[in-house]
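S.K.: Heads up: the sequence shown at position 57 corresponds to 686 in the working numbering, and the numbers run straight through without jumps.
The C-beta atom is built at its ideal place from N, Cα and C for all residues, glycine as well.
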Amino acid sequence: MAPEIRKEEVLAIRNRFPTKIPIIVQRFYKETHLPHLDKSKFLVPQEITMSQFQTIIRNRIRLNSHQALYLLVNNRSMMSLTLTLAEVYAEHADSDGFLYVTYASQEVFGDSTTTSNYEVNKCMIQFGG
630 MAPEIRKEEV LAIRNRFPTK IPIIVQRFYK ETHLPHLDKS KFLVPQEITM SQFQTIIRNR
690 IRLNSHQALY LLVNNRSMMS LTLTLAEVYA EHADSDGFLY VTYASQEVFG DSTTTSNYEV
750 NKCMIQFGG
């Protein structure tokens, strides 16, 4: 979809629902373990946290509780799960007005037997987690 059309779409959405955040969610391009979502556009309350949004995505793709799920904003940054979507949107919304979120499994980042908790935490700190 052309950027101008997306801008118009976001403007209409934000005018009609000023307290909702327009989000496009896509599977990470290297992801092979997680299924695709049944839809890619979400309109969510601005006060929910990244943790709550992660739960929404987990439920939509029907993940088991033992399966890891990572959310990346703009295909590169992991956000702190305590941030509200309003905070994330204010800092990371695209020029077209959508917030772009990519989801991935742990397998995309490396086998859990070779990736220590220290390395994961270091990565999360580096990317704003």
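Take the Cβ of Leu672 as the centre, count every other Cβ of all protein chains shown within 10 Å, and call the residue buried at 16 or more, exposed below.
M.R.: exposed
S.K.: From Pro647 to Glu720, what does the alpha carbon distance come to, in whole angstroms?
M.R.: 17 Å
S.K.: Who are the Cβ neighbours of Asn703 in its own chain at under 7 Å, not counting the five residues just before and after it?
M.R.: His721 and Tyr729
S.K.: Just to confirm before moving on: does the CB-CB distance between Ile677 and Phe727 stay below 8 Å?
M.R.: no
S.K.: Should Ala631 go down as buried or exposed, given a rule of 16 or more other Cβ atoms within 10 Å for buried?
M.R.: exposed
S.K.: Within its chain, find whatever has a CB closer than 8 Å to the CB of Leu712; leave out the 5 residues flanking it on each side and keep chain order.
M.R.: Thr678 and Met679
S.K.: Among Ile634, Asp725 and Ile685, which residue has its Cα nearest to the Cα of Lys668?
M.R.: Ile685
S.K.: Please work out which residues of its chain come closer than 7 Å, Cβ to Cβ, to Val717, disregarding the five sequence neighbours upstream and downstream, and give them in chain order.
M.R.: Met679, Val702, Met708 and Leu728
S.K.: Taking the alpha-carbon positions, what's the Lys636 to Gln696 distance?
M.R.: 35 Å
S.K.: Please confirm whether any heavy atom of the ligand COA lies closer than 7 Å to the CB of Val730.
M.R.: What this structure holds is no ligand at all, so the ligand COA is not there to describe.
S.K.: Pull up the distance between the alpha-carbon of Ala733 and that of Glu638, whole angstroms please.
M.R.: 27 Å
S.K.: Could you give the distance in angstroms between the alpha-carbon of Pro674 and the alpha-carbon of Arg656?
M.R.: Taking the straight line joining both Cα atoms gives about 22 Å.
S.K.: How is the beta strand (DSSP E) around Phe671 delimited, first residue to last?
M.R.: Lys670 to Pro674
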